[in-house]
Amino acid sequence: MGRHVSGTGRRRAATLAVFLFLALPAAAGTLRSTYVDPTAMALQRVLPPPPAAGSEPARADMQAVEAAVGARTSEDERRITANLPCTLDRFSGVLGPAFTAATMPVTAGLIERMFQDGELTVLAAKAAIARPRPYTLKPDLATFGHRSDSTSYPSGHATFGYLAATVLSHLVPDKRQALFAFASSYGANRMIAGTHFPSDLEAGKIAAAVIAEALFRDPRFQQDLARAAAEVAAQDTSTVR
């Protein structure tokens, strides 16, 4: 039997939903969900809480960011810039040159819709959890690239990396290990850039697993995944690394 929700409870829930919507960055207005309901996903109820401010784990988190930023090289910065967009093309280095939007538009469209679902879900959780970014706590941190207005937990890029790796590993199963290795480095770029804590990245990995489970239950996603699988199968096998 479902739990009874009083009128007051419903009003509070509605008020919270409106607050979270208004708290999302303006960029969220350009995103659209297709397969999941980002608000209903409520990642903030599933993810472990971030380290408490002032705690030893929080200090260790910041020290890890400072160490990564201090060791950053020009090659790291090139990789951070190259991997900033959340698209299928980011995975062509793992899967082969055919895995681009130009060559595989159906698969690229699937990854784009998946990204938007994941990003909206993550942004809602970020607004609810409201963990400050490393550079918010340490404004003089030598970050690289754009300083986002969104909060820190979980990492959207880490979520995308692991979520895309999960979906793409269903299309190219023999590349599963390489895909997840790339996803790990894709997320780590955000700590090297000074924009995320390591615990944000781990939360992104968990978020990706939760979102993936919801995606694979959705009939529309399953249909689009089947279309992408047909597109991948039609490619010359020599184009897959």
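Residues in the sequence shown are numbered consecutively from 51, following the numbering used here.
In this text, a Cβ means the ideal position worked out from N, Cα and C, and glycines have one as well.
Classification of V96 by the beta-carbon crowding that lies within 10 angstroms, buried from 16 upward: For the purposes of this step, residue 96 is identified with residue 46 of the sequence shown, where counting begins at 1. Classification of V96: exposed, given that the 10 Å Cβ count is below 16.
Which of helix, strand or coil DSSP assigns to N133: Counting from 1 along the sequence shown, the entry for residue 133 is found at position 83. In the structure shown, N133 sits in coil (DSSP, three-state: anything other than H, G, I, E or B).
Secondary structure, alpha helix (DSSP H): runs of 4+ residues fully inside the segment 80-133: 88-91, 106-120, 124-132
Environment of S205 [buried if 16+ CB atoms lie within 10 Å]: Taking the first residue of the sequence shown as 1, we reach residue 205 at position 155. Buried, since its Cβ has 16 or more Cβ neighbours within 10 Å.
Pair within 8 Å by beta-carbon distance, R140 and N133: Here residue 140 refers to the residue found at position 90 when the sequence shown is read from its first residue. Here residue 133 refers to the residue found at position 83 when the sequence shown is read from its first residue. Yes, they are a contact pair.
Through-space distance from T131 to F194, alpha-carbon basis: As a position in the sequence shown, residue 194 is number 144, starting the count at 1. As a position in the sequence shown, residue 131 is number 81, starting the count at 1. Each residue's alpha carbon lies about 9 Å from the other.
Top-ranked residue by Cα proximity to A283, from D274, I242, V222: Taking the sequence shown and counting its residues from 1, one reaches residue 283 at position 233. A283 has its Cα closest to that of V222, out of D274, I242, V222.
Spatial neighbours of F230 in its chain, beta-carbon cut-off 6 Å, leaving aside the 5 residues before and after: In the sequence shown, residue 230 corresponds to position 180, counting from 1. Hits under 6 Å: A215.
contact_flag[the segment 242-261, the segment 95-111] where n(CB pairs < 8 Å) is 3 or more: yes
Cβ of F149 within 8 Å of any chain D Cβ: No chain D is present in this structure, which holds just one protein chain.
Residue closest to T201, alpha-carbon to alpha-carbon, out of F271, M154, P184: Locating residue 201 in the sequence shown gives position 151, counting from the first residue. Nearest option by C-alpha distance: P184.
Same chain, Cβ closer than 7 Å to R226, neighbours up to 5 away in sequence not counted: Residue mapping note: residue 226 aligns to position 176 of the sequence shown, counting from 1. Closer than 7 Å at the Cβ level, and outside the excluded window around R226, lie S219.
R270 versus V86: straight-line alpha-carbon distance, rounded: Working through the sequence shown from its first residue, we reach residue 270 at position 220. Working through the sequence shown from its first residue, we reach residue 86 at position 36. The alpha-carbon separation between R270 and V86 amounts to approximately 10 Å.
Check whether G143 and F210 have beta carbons under 8 Å apart: Taking the first residue of the sequence shown as position 1, residue 143 is located at position 93. Taking the first residue of the sequence shown as position 1, residue 210 is located at position 160. Against a cut-off of 8 Å, the Cβ pair of F210 and G143 comes out as no contact.
Distance between L187 and V156 (C-alpha atoms, nearest Å): Position 106 of the sequence shown holds residue 156. Position 137 of the sequence shown holds residue 187. The alpha-carbon atoms of V156 and L187 are separated by roughly 42 Å.
Buried/exposed call for S38, threshold 16 Cβ in 10 Å: With the chain covering only 51 through 291, there is no way to say anything about residue 38.
Inter-residue Cα distance where the pair is R129 and P101: Your numbering for residue 129 matches position 79 in the sequence shown. Your numbering for residue 101 matches position 51 in the sequence shown. Those two C-alpha atoms are separated by around 28 Å.
Three-state secondary structure assigned by DSSP to Q285: Translated into positions along the sequence shown, residue 285 becomes position 235. In the three-state reduction of the DSSP assignment, Q285 falls in the coil class, being assigned neither a helical nor a strand state.
Cβ separation of E162 and T137, assumed to be a contact under 8 Å, to the nearest whole Å: As a working mapping, residue 162 is identified with position 112 in the sequence shown. As a working mapping, residue 137 is identified with position 87 in the sequence shown. Sure, about 7 Å apart at Cβ, within 8 Å.
Beta-carbon contacts of Y236 that lie in its chain and below 6 Å, excluding the five residues immediately before and after: The sequence position of residue 236 within the sequence shown is 186, counting from 1. Counting only Cβ-Cβ distances below 6 Å, and skipping sequence neighbours, we find N133, G211.
For F165, the nearest candidate out of A178, P135, A279 (CA to CA): Here residue 165 refers to the residue found at position 115 of the sequence shown. Measuring from the Cα of F165, the nearest candidate turns out to be P135.
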